[in-house]
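Using the working numbering, the letters of the sequence shown correspond one by one to residues -2 to 118. A quick write-up on the structure given underneath.
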Amino acid sequence: MNRGVPEDKEVTARIEREKKSAREKVSLKILGYDYALSQEPVIGLENRGFFNAEVQTIRIAQEMSQQSKEATVLHEIIHALDFALAIDLSETQVRQLEHGLYQVLTANGVSLSPLLIEYSK
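So this is what it looks like as structure tokens:
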């Protein structure tokens, strides 16, 4: 056993714990997959959101305005689509799509707020 690398059982158990915890948060369907969406304390100085394909989660920083949260969720959805469809977008392209889609959606009465409602089971 290599002490620096977790055994497969440990990795599998961690992923299962994260998936179970994720199911207790808002679930967002992206291309047939359920992604857990959660709001958490600041993730990093530059990161307002984080997408993890391995455990199918999207996390956003809770210390933002409602508009920033909505735009960040959209940004992370674009990352998920980029990953799933192997588009290979640059971060600049993801940001441009986020800004353009956010403007079009909100200007035409589409609310992204329901994506941010957390519930408990």
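Backbone N, C-alpha and C fix where the C-beta goes; we use that ideal spot for every residue, glycine too.
Item	Value
Ile75 versus Met61, Gly106, Arg92, Gln63, residue with shortest Cα-Cα distance	Arg92
Three-state secondary structure assigned by DSSP to Ala104	helix
Nearest neighbour of Leu94, chosen from Val107, Ser108, Leu78 [CA to CA]	Leu78
For Tyr99, the nearest candidate out of Gln53, Gln64, Gly29 (CA to CA)	Gln64
Exposure label - Gly46; buried when at least 16 CB within 10 Å	buried
Residues that DSSP places opposite Ala58 in a beta bridge	Glu37
Inter-residue Cα distance where the pair is Glu60 and Glu67	13 Å
Residue environment, His96, which counts as buried when at least 16 other CB atoms sit within 10 Å	exposed
Cut-off 6 Å between Cβ atoms - residues of its own chain near Leu86, not counting five sequence neighbours on either side	Asp79
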